[in-house]
Amino acid sequence: MAQQNSSANPTSPEVSTTLPPEVITCLQNARFLHLATSSNNTPHISLMNYTYLPSSPYTRTPAIIMTTPPTSHKTHNLASNPLVSLLVHD
Numbered sequence: 001m002a003q004q005n006s007s008a009n010p011t012s013p014e015v016s017t018t019l020p021p022e023v024i025t026c027l028q029n030a031r032f033l034h035l036a037t038s039s040n041n042t043p044h045i046s047l048m049n050y051t052y053l054p055s056s057p058y059t060r061t062p063a064i065i066m067t068t069p070p071t072s073h074k075t076h077n078l079a080s081n082p083l084v085s086l087l088v089h090d
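Structure (structure tokens):
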């Protein structure tokens, strides 16, 4: 999972594969997140249950796992535009 530093120069963003400790704590303790997708400049937000994995047999970087039916609105949006925004709060 790559994270862009908000204070970075927008023309030359920094990318990090680590998360701040307070973000990890929030991901470990929260139950839901909001997943924002879009297609044709139309946003779609979904409340999602998720699992946070600090690492796995497939990657050493953190991962957020969510499931949804293949026919869902968000799945169609992700197929045409893989960019998303996540909001996790406690």
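In the UniProt record's numbering, the protein residues as written are 1 to 90. Just so you know, even glycine gets a beta-carbon here, dropped at the ideal spot from N, CA and C.
Proximal residues to residue i (C-beta, below 7 Å), its chain only, five neighbours per side dropped
{"i": "residue 73", "result": "44"}
{"i": "residue 33", "result": "48, 50, 86, 87, 88"}
Between the CA atoms of residue j and residue i - distance to the nearest angstrom
{"i": "residue 55", "j": "residue 40", "result": "34 Å"}
{"i": "residue 78", "j": "residue 37", "result": "7 Å"}
{"i": "residue 25", "j": "residue 19", "result": "10 Å"}
For residue i, the first and last residue of its enclosing alpha helix (DSSP H)
{"i": "residue 94", "result": "Lying before the first or after the last residue shown, residue 94 is absent from the chain, which here runs from 1 to 90."}
{"i": "residue 23", "result": "21 to 29"}
Host beta strand (DSSP E) of residue i (start-end)
{"i": "residue 54", "result": "Where residue 54 is concerned, there is no enclosing beta strand (DSSP E), given that its DSSP letter is neither H nor E."}
{"i": "residue 88", "result": "85 to 88"}
Neighbour-count burial assignment, residue i, 16 or more Cβ in a 10 Å radius
{"i": "residue 87", "result": "exposed"}
Close Cβ partners of residue i (< 8 Å) along its chain, the five nearest in sequence each way excluded
{"i": "residue 28", "result": "52"}
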